[in-house]
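Chains as they are written, first to last, in our numbering: chain R, 65 to 457; chain U, 65 to 457.
Note that beta-carbon positions come from the ideal geometry of N, C-alpha and C, so glycine has one too.
Below: the structure, in structure tokens.
Number of protein chains: 2
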Amino acid sequence: MNINKNYLNLEDSYLFSNIAKKVAEFTQKNPDKKLIKLGIGDVTLPLAPAVVDAIKKAADEMGVQNTFKGYGPEQGYAFLREAIQSYYLKKKVSIQADEIFISDGAKSDLGNILDIFSQDNMVLVPDPVYPVYVDTNIMAGRKIIYAEANKENGFLPLPDDKIKCDIIYICSPNNPTGAVYTKDGLKKWVEYAHKNDAVILFDAAYECFIKSDELPSSIYEIDGAKNCAIEFCSFSKTAGFTGTRCGYTVVPKELVKQNCSLNKFWLRRQTTKFNGVPYIVQRAAQAVFSDEGQKQIKENIEYYSQNAKIIADTMDKLGVWYTGGKHSPYIWLKCPNDMKSWEFFDYLLNNIYVVGTPGAGFGNNGEGYFRLTSFGNRENTVEAMQRFLKAFT
Amino acid sequence: MNINKNYLNLEDSYLFSNIAKKVAEFTQKNPDKKLIKLGIGDVTLPLAPAVVDAIKKAADEMGVQNTFKGYGPEQGYAFLREAIQSYYLKKKVSIQADEIFISDGAKSDLGNILDIFSQDNMVLVPDPVYPVYVDTNIMAGRKIIYAEANKENGFLPLPDDKIKCDIIYICSPNNPTGAVYTKDGLKKWVEYAHKNDAVILFDAAYECFIKSDELPSSIYEIDGAKNCAIEFCSFSKTAGFTGTRCGYTVVPKELVKQNCSLNKFWLRRQTTKFNGVPYIVQRAAQAVFSDEGQKQIKENIEYYSQNAKIIADTMDKLGVWYTGGKHSPYIWLKCPNDMKSWEFFDYLLNNIYVVGTPGAGFGNNGEGYFRLTSFGNRENTVEAMQRFLKAFT
């Protein structure tokens, strides 16, 4: 019996546990101080009423013999796939329903998709990065190279023709940097993928925060992307589904490698290793696309976007360099006075009682940067920014 | 870019599509005949009222700011893990809460668990077999050998010391044969696993159908199993969750291979590639363990068990050899008159308008056998058996 030794190459991430530890210590010593947490990557607004109603209606159906649902299609029910198809059409992207696979979230699919690729592919991930891209490939024993994201390129690295890779991760709007690729930027990556016979794994989990038609919210807005890209999307940030679990992955039929349809490979993977998303959750996700649901979730997205704007405006006033804040719930800022990430964390915690996330936790290029998020409540966001203004003016 | 070429070694299963095709043809030619389907592997009774109520209550919580739940623990909420811990205690099996991992179903975990093992392990699966055991290993490029299950061993193969393997699949009560291992039988497998440094993957998805304390419903009822076995269980057949999706996997801390804790490996796998089961579904699963929930689901299990008894009693009357029928929702019968599986399928369809599943679809040793299930309704089951009696007496 041999275990998968690649697991021994994984590094433990202490980022969030270190933050928790420092916060706990501070709170114990300073029980009277009002701490404001702007480090949270989770949503805080409740599910929309249309979604709650859909769950309850579906639960009632499940309790009655003639409307009960047993095993559903592993790829998801047609009603949800067709709703997503219509959502793409509004972006002027035409996708067939059987190119859409319903999943329990982008995180699962971003990891599981690697099943259909050989171990010997070279992987390109940006630095800084969402750690899951790295760890899932280490588990499979793949080699990883990094695309340098930094202040010079606005944390939006472009392809380097001297570097050869097979699997490319792009997240736009980006976690953790909030930076968003233009159509021209994505076009360069699509061209690179074609030239190098590579596949782009496009993480669009934050697409709903994009407010401009000029910026691509799907990689399929770029010509030729269907031949080289798989897109991952989620209801987590769009509709507050982080604890309700639903996402979708698009694998176009045009995507053929070594004469094999990746759509067929992924279908085979999902029908063999997955049994679909709960019926009640798929009905919940469908409700997101109803007129009522769209109105309600857009109010929530607008609430978070306004928080982001409040943070971004404060950074503008202070002359702090940052990415994100617009078209993204994240603000990725350069620590003032050339502080290092953890130094700035300690400074904020001890002086203005605000908690954020040290950029160094997301990769080498994150050192000296810091992530604030807009998922908190309005009053706290406003108060935290008043404290920022006072401390750094 | 290289695809995972192991996928090209997968054989397409035409079992259920062939059945569907033949049934469709028959129905078209004989629109007046009342077809009875006893081939179904899915439950048909609705969710228990206690479960429906729990979903609706959880949905309401999700719709209110201060009870809303975002990301939960990937391994599942403590309330559900502790309920499962108590369920095991009733079987006199002591498991710690952090040895229990909540999943979206046994099928997912049975596939995903392979992530933590090296590709070069030798896999032992019984023949006939639930196809997922085979396909998930073919996808990973592992070698598979078969343990012969047949009439002579009552479709309960025992270990052969001449054969060396690393990963052993055991499903008891078995799908498709309904056969159930005794404690003595499982003890032999546990001894073999220890001797060969192997891990047993124990699929207990049908444990709720066991009616006798003499028969093991968990492999951990066998001394030493915690050092060599991972157990997979599900609410699918227990509580009609096939479309609601919840299961659990037990990885004991005593299970150490090559100085590595498989519990820690699986925790790392799940925290990296999974984001937990929906809160509303975990509340639904918790309700299964309430007094009310237990009473309600036991009525459903009893309903299916009675159907199974009606089928088994009919086979007894006809002198047809079978396994299952007791402690299982499946009846695996030897086709009368030495008919082959598909021959018998056609005979039943055309003469008594009953649909079952040809055993040959589950492996070579299934040839000449046939699976009937007890998941249909009472009236149809009774009528189908009357037709059997008339046709074969």
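Identity of the residues DSSP links to residue i by a beta bridge
i	result
U/Gly311	U/Ser167, U/Ser298
R/Tyr210	R/Val189
R/Gly388	R/Ile395
U/Lys321	U/Cys324
U/Phe181	R/Ile67
U/Ile100	U/Val418
Spatial neighbours of residue i in its chain, beta-carbon cut-off 7 angstroms, leaving aside the 5 residues before and after
i	result
U/Arg451	Ile416, Val418
U/Ala289	Val254, Ile283
U/Gly136	Gly340, Tyr343
U/Thr91	Leu99
U/Asn401	none
U/Ala455	Asn415, Ile416
U/Thr387	Gly218, Phe219, Thr241, Gly242, Ala243, Trp396
R/Tyr151	Phe353
U/Ala123	Ile344
U/Leu250	Pro280, Ile283, Ile286
Residue closest to residue i, alpha-carbon to alpha-carbon, out of the options
i	options	result
U/Lys359	U/Leu111, U/Glu407, U/Gly242, U/Asp377	U/Leu111
R/Phe296	R/Arg206, R/Cys272, R/Glu278	R/Cys272
U/Asn94	U/Glu366, U/Arg145, U/Glu75, U/Asn414	U/Asn414
R/Asn239	R/Asp106, R/Lys373, R/Glu407	R/Asp106
R/Pro190	R/Gly140, R/Thr246, R/Asp267, R/Ala147	R/Asp267
R/Ser276	R/Lys247, R/Gly304, R/Asp287	R/Lys247
R/Val196	R/Val263, R/Glu431, R/Gly427	R/Gly427
R/Lys252	R/Pro237, R/Leu220, R/Lys121	R/Leu220
U/Lys101	U/Val87, U/Gly311, U/Ala114	U/Val87
U/Ala211	U/Val187, U/Asn291, U/Thr200, U/Asn201	U/Val187
U/Thr335	U/Phe299, U/Asn70, U/Ser167, U/Ser392	U/Ser167
R/Leu222	R/Ala269, R/Leu74, R/Phe439, R/Tyr256	R/Tyr256
U/Ile119	U/Arg347, U/Asp225, U/Tyr71	U/Arg347
R/Ala351	R/Ile375, R/Gly389, R/Gly242, R/Cys310	R/Cys310
R/Phe132	U/Leu250, U/Thr108, U/Glu356, U/Ile177	U/Thr108
R/Ser182	U/Met203, U/Gly307, U/Phe434, U/Val198	U/Met203
R/Arg442	R/Tyr368, R/Gly432, R/Glu407	R/Tyr368
U/Tyr394	U/Ile375, U/Leu382, U/Val198, U/Asp410	U/Ile375
U/Pro192	U/Ala170, U/Ile67, U/Lys215, U/Gly430	U/Gly430
R/Leu382	R/Ile274, R/Met449, R/Trp330, R/Ser172	R/Met449
U/Ala142	U/Thr313, U/Gly205, U/Ala161, U/Gly127	U/Ala161
Enclosing alpha helix (DSSP H) for residue i [first to last residue]
i	result
U/Ile375	355 to 382
R/Lys120	113 to 126
R/Ile83	79 to 93
R/Phe20	No information on residue 20 of chain R is available, as it lies outside the stretch 65 to 457 that chain R covers here.
R/Phe456	442 to 456
U/Lys290	Segment: none, U/Lys290 is in no alpha helix (DSSP H) and carries neither H nor E.
R/Ala257	247 to 260
R/Tyr343	343 to 352
R/Tyr197	195 to 203
Neighbourhood of residue i by C-beta, 6 angstroms cutoff - its chain only, sequence neighbours within 5 removed
i	result
U/Leu265	Tyr233, Ile294
U/Thr302	Cys272
R/Trp385	Lys398
R/Gly425	Leu79
U/Asn371	Ser438, Thr445
U/Glu115	Before going further, note that residue 115 of chain U is Val rather than Glu in the sequence given. For U/Val115, where only same-chain residues beyond five positions count, the Cβ hits under 6 angstroms are Ala348, Ala351.
Span of the beta strand (DSSP E), counted from its first residue to its last, around residue i
i	result
R/Tyr233	231 to 235
R/Asp267	263 to 267
U/Thr437	433 to 437
Residues of its chain near residue i, where Cβ-Cβ distance is below 8 angstroms and the 5 sequence neighbours each way are ignored
i	result
U/Lys337	Asn176, Asp179
U/Leu326	Ile180, Val263, Ile294, Val315, Leu319, Val320
U/Leu453	Thr378, Lys381, Leu382
**Study point:** Residues in the stretch 220 to 252 of chain R having any Cβ partner in chain U nearer than 7 angstroms
**Key:** Asp230
Practice item. Give the residues from the stretch 65 to 86 of chain R that approach chain U closer than 8 angstroms (Cβ to any Cβ), ordered along the chain. Key: Met65, Asn66, Ile67, Asn68, Lys69, Tyr71, Leu72, Leu74
Review point. Which residues, taken in chain order from the stretch 132 to 158 of chain U, show a beta carbon closer than 7 angstroms to some beta carbon of chain R?
Key: Phe132, Lys133, Gly134, Tyr135, Gly136
Practice item. Can you give me, in chain order, the residues of the stretch 303 to 326 of chain R that have a beta carbon less than 7 angstroms from any beta carbon in chain U? Key: Thr306, Gly307, Thr308, Arg309, Lys321, Gln322, Cys324
Check your understanding: Using a Cβ cut-off of 7 angstroms, which residues of the stretch 408 to 429 of chain U contact any Cβ in chain R, in chain order?
Key -> none
**Study point:** Near-chain U residues of the stretch 168 to 183 of chain R (beta-carbon distance less than 7 angstroms), N- to C-terminal order
**Key:** Asp168, Gly169, Lys171, Ser172, Gly175, Asn176, Asp179, Ile180, Phe181, Ser182
Practice item. Could you name the residues of the stretch 341 to 356 of chain U whose beta carbon sits closer than 9 angstroms to any beta carbon of chain R, in the order they occur along the chain? Key: Val341, Pro342, Tyr343, Ile344, Val345, Ala348
**Study point:** Where the stretch 369 to 395 of chain U meets chain R: residues whose CB sits under 9 angstroms from a CB there
**Key:** none
Exercise for review: Determine which residues of the stretch 200 to 219 of chain U have a Cβ less than 8 angstroms from any Cβ of chain R, and write them out in chain order.
Suggested key: Thr200, Met203
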